[in-house]
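Residue numbers (the working numbering), protein chains in the order written: chain A, 8 to 124; chain B, 1444 to 1551.
See below:
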């Protein structure tokens, strides 16, 4: 158990629908990162939050949005789902938002597998 | 911008060595290495912070050439447990961008 909790583990839905993925960071970590991993592909950075504020944005579609709440958990909202959105969505957390420091590495959750039919 | 990893895939026999390379077109301040086993989450291996710094973890070590904006991961005397996909990540500003990954398969 990495200490990063993601729910749900699996989700099957239809095109056009909307889903919310949830992430609770490791205790003490202030920063949350979201990544998308399509089948046998790399990790595509979506977005990062630090202590409730958006810090960095990657290849996140306009149909997707995220936020980090005061208790530091984060939610990734995916709307108007398409078949191509089927993927494993990982959340990772770090102590602070600065990854150029030796004290900060990413701890990943087990992921949420989204299947869009 | 994502770092570039090579090779894309490697197949080894137990006991053989491998090198995985990671390069960036932007200045690197740190390089992270992670391993992802099939069906699991990526797990942190090591971080390199300074040019020329080398770190080791059992028989897995890494180097960081800041000038060339490159890092290499060295797997020595590979074991079956080394199988997985290895990702390098570059921490530019506050986010972490990963390379496409190198799939390593170690066979008995």
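Each residue gets a CB set at the ideal place from its N, CA and C atoms; glycine is no exception. As the structure is a prediction and not an experimental result, all values here were calculated from the model.
Ignore the nearest five residues each way along the sequence and tell me which others in residue 118 (chain A)'s own chain have a CB closer than 7 Å to its CB.
-> On the first chain, position 111 is the one that residue 118 (chain A) refers to. Cβ within range, chain order: 13, 95, 96, 97.
Residue 1540 (chain B): contacting residues in chain A (beta-carbon distance under 7 Å) | On the second chain, position 97 is the one that residue 1540 (chain B) refers to. Within 7 Å Cβ-Cβ: 52.
For residue 1485 (chain B), count neighbouring Cβ atoms within 10 angstroms of its own Cβ and tell me buried if that reaches 16, exposed if not.
-> Locating residue 1485 (chain B) in the second chain gives position 42, counting from the first residue. The C-beta of residue 1485 (chain B) has 16 or more other C-beta atoms within 10 Å across all chains shown, which makes the residue buried.
Under 7 Å between beta-carbons, which chain A residues line up against residue 1544 (chain B)? List them in chain order, please.
-> Your numbering for residue 1544 (chain B) matches position 101 in the second chain. Those within 7 Å of residue 1544 (chain B) in chain A are 49.
Exposed or buried, which one is residue 25 (chain A) when buried takes at least 16 other CB atoms within 10 Å?
-> Walking along the first chain from the start, residue 25 (chain A) turns up at place 18. So residue 25 (chain A) counts as exposed.
Could you tell me which residues DSSP puts in a beta bridge with residue 1527 (chain B)?
-> Translated into the one-based positions of the second chain, residue 1527 (chain B) becomes position 84. The bridge partners DSSP lists for residue 1527 (chain B) are B:1547.
For residue 1532 (chain B), which of helix, strand or coil comes out of DSSP?
-> Counting from 1 along the second chain, the entry for residue 1532 (chain B) is found at position 89. Residue 1532 (chain B): strand per DSSP, three-state reduction.
Between the segment 1458-1474 of chain B and the segment 1504-1514 of chain B, are three or more C-beta pairs nearer than 8 Å?
-> Under the Cβ criterion (8 Å, minimum of three pairs), the segment 1458-1474 of chain B counts as touching the segment 1504-1514 of chain B.
Which residues in the same chain have their Cβ closer than 7 Å to the Cβ of residue 90 (chain A), if we skip the five residues on either side of it in sequence?
-> Indexing the first chain from 1 puts residue 90 (chain A) at position 83. These residues qualify, in order along the chain: 22, 123.
Residues bridged to residue 82 (chain A) (per DSSP) | Residue mapping note: residue 82 (chain A) aligns to position 75 of the first chain, counting from 1. The beta-bridge partner set that DSSP reports for residue 82 (chain A) consists of A:29, A:74.
Which of helix, strand or coil DSSP assigns to residue 36 (chain A) | As a first step, residue 36 (chain A) is located in the first chain; it is residue number 29 there, counting from the start. Correct three-state label for residue 36 (chain A): coil.
Distance, Cα to Cα, residue 30 (chain A) vs residue 1447 (chain B)?
-> Within the first chain, numbered from 1, the residue matching residue 30 (chain A) stands at position 23. Within the second chain, numbered from 1, the residue matching residue 1447 (chain B) stands at position 4. If you draw a straight line from the Cα of residue 30 (chain A) to the Cα of residue 1447 (chain B), it is about 29 Å long.
Contacts of residue 118 (chain A) in chain B (Cβ-Cβ under 7 Å) = Translated into positions along the first chain, residue 118 (chain A) becomes position 111. Going along chain B in sequence order, the residues near residue 118 (chain A) (Cβ under 7 Å) are 1484.
If you run the structure through DSSP and keep just helix, strand and coil, what is residue 92 (chain A)?
-> Along the first chain, read from residue 1 onward, the residue named residue 92 (chain A) stands at position 85. Reduced to three states, the DSSP call for residue 92 (chain A) is helix.
Check the Cβ of residue 1507 (chain B) against every Cβ in chain A and list those closer than 9 Å, keeping chain order.
-> Indexing the second chain from 1 puts residue 1507 (chain B) at position 64. Per Cβ cutoff of 9 Å: no residues; residue 1507 (chain B) is ~12 Å from chain A at best.
Helix, strand or coil at residue 1467 (chain B) according to DSSP, with G and I counted as helix | Taking the first residue of the second chain as 1, we reach residue 1467 (chain B) at position 24. If DSSP states are grouped into helix, strand and coil, residue 1467 (chain B) belongs with coil.
Does the beta carbon of residue 97 (chain A) come closer than 8 Å to any beta carbon on chain B?
-> Walking along the first chain from the start, residue 97 (chain A) turns up at place 90. Taking Cβ atoms only, chain B reaches closer than 8 Å to residue 97 (chain A), which makes this a yes.
Do residue 72 (chain A) and residue 58 (chain A) come within 8 Å of each other at the CB atom, strictly closer than that value?
-> Indexing the first chain from 1 puts residue 58 (chain A) at position 51. Indexing the first chain from 1 puts residue 72 (chain A) at position 65. In this structure, the beta-carbon distance from residue 58 (chain A) to residue 72 (chain A) does not fall below 8 Å.
Return the bridge partner residues of residue 1454 (chain B) from the DSSP annotation.
-> Position 11 of the second chain holds residue 1454 (chain B). Answer by DSSP bridge pairing, in chain order: B:1548.
Would you decide whether residue 1538 (chain B) is buried or exposed? Buried here means 16 or more other CB atoms lie within 10 Å of its CB.
-> In the second chain, residue 1538 (chain B) corresponds to position 95, counting from 1. The residue is buried, with at least 16 neighbouring Cβ atoms inside 10 Å.
Report the three-state DSSP secondary structure of residue 112 (chain A) (helix, strand or coil).
-> For the purposes of this step, residue 112 (chain A) is identified with residue 105 of the first chain, where counting begins at 1. Residue 112 (chain A) falls in the coil class under three-state DSSP.
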